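Dropping the structure here:
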């Protein structure tokens, strides 16, 4: 079975600063994928970034980067140069063979960017 | 725009009724997933279809059913609705059923049961 843990229910960050959202996971699958999604107050789920378990380099997508530490089973999301529009709920998710490749989600972290 | 289309965006219905939620996956995606998001349960996987066939089942109630049609669109049917079924229902699609690949979500259908 897979488990995703996001221990930070809510965070505040000053505009233009960076913020790190924690995500730890537990799986016995030899290969798996890790994802981050953003859910603004409007409700839609927006795909942000993906990291494969065998990827040698940490994934980056614009202002988003994933700090992947496989031995520690952590996949933290770093948002650089925060903008007011980054205020949202952020979900960490993973998929692997033991879970029939469906996405398993963490509880989410709410980020509020202050001007 | 994720390319996944869900209709309707909002739905208000009474207890005991039946509703159908529709999802059109991204062009070329064969896999469709349904998720339910509620305040107390978080994001829960309901069911997955791949190219018309059911692939995986999650915490889906017997009152709920789904199918994927030959044109790959999918419908989620919710019957004998209860107040607790009020939630945001998401559809997601991805290119494969076993690939470790991105899944893109639709905007969701917000169901309110009164």
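Chains as they are written, first to last, in the working numbering: chain A, 1 to 115; chain B, 1 to 114. C-beta: ideal position from N, C-alpha, C; glycine also. This structure is a prediction, so every number in the text was calculated from the model and none was measured.
Within-7 Å CB hit, residue i to chain A
| i | result |
| --- | --- |
| residue 36 of chain B | no |
| residue 116 of chain B | As shown, chain B starts at 1 and ends at 114. That puts residue 116 of chain B outside it, with no answer to give. |
| residue 67 of chain B | no |
| residue 103 of chain B | yes |
| residue 45 of chain B | yes |
| residue 88 of chain B | yes |
| residue 108 of chain B | yes |
| residue 48 of chain B | yes |
Beta-bridge pairing of residue i - partner residues as DSSP gives them
| i | result |
| --- | --- |
| residue 114 of chain A | A:14 |
| residue 113 of chain B | B:13 |
| residue 95 of chain A | A:33 |
| residue 66 of chain B | B:76 |
Cβ neighbour criterion (16 or more within 10 Å) applied to residue i
| i | result |
| --- | --- |
| residue 66 of chain B | buried |
| residue 49 of chain B | buried |
| residue 18 of chain A | exposed |
| residue 71 of chain A | exposed |
| residue 124 of chain A | Residue 124 of chain A lies beyond the range of chain A shown here (1 to 115); nothing can be said about it. |
| residue 83 of chain B | exposed |
| residue 72 of chain B | buried |
| residue 25 of chain B | buried |
| residue 92 of chain B | buried |
| residue 76 of chain A | buried |
Beta strand (DSSP E) segment containing residue i, residue limits
| i | result |
| --- | --- |
| residue 102 of chain A | Residue 102 of chain A -> no beta strand (DSSP E), and no H or E assigned at all. |
| residue 1 of chain B | Run containing residue 1 of chain B: none; DSSP gives neither H nor E here. |
| residue 19 of chain B | 19-24 |
| residue 54 of chain B | 53-57 |
| residue 36 of chain B | 31-38 |
| residue 46 of chain B | 42-50 |
| residue 197 of chain A | This structure cannot settle anything about residue 197 of chain A, because the visible part of chain A is limited to 1 through 115. |
| residue 4 of chain A | 3-5 |
| residue 8 of chain A | Note, residue 8 of chain A: premise wrong, no beta strand (DSSP E); not H, not E. |
| residue 83 of chain A | No beta strand (DSSP E) contains residue 83 of chain A, which DSSP labels as neither H nor E. |
| residue 21 of chain A | 19-21 |
Interface residues of chain C facing residue i [CB-CB closer than 8 Å]
| i | result |
| --- | --- |
| residue 107 of chain A | The structure shown has no chain C; the protein chains it does contain are A and B. |
CB contact check: residue i to chain B, cutoff 7 Å
| i | result |
| --- | --- |
| residue 68 of chain A | no |
| residue 50 of chain A | yes |
| residue 61 of chain A | no |
| residue 89 of chain A | no |
| residue 10 of chain A | no |
| residue 100 of chain A | yes |
| residue 85 of chain A | no |
| residue 44 of chain A | yes |
| residue 103 of chain A | yes |
Residue i Cβ short of 6 Å to the ligand MN heavy atom set
| i | result |
| --- | --- |
| residue 3 of chain A | In terms of ligand content, the structure shown is empty, and the ligand MN therefore cannot be addressed. |
Subject >> Start-end ranges of the beta strand (DSSP E) lying completely within the region 37-77 of chain A, minimum 3 residues >> reply: Fully enclosed beta strand (DSSP E) runs of 3 or longer: 46-52, 64-69.
**OP:** Would you list, in sequence order, the uninterrupted beta strand (DSSP E) runs of no fewer than 3 residues that lie entirely inside the region 71-106 of chain B?
**Re:** 74-78, 87-94
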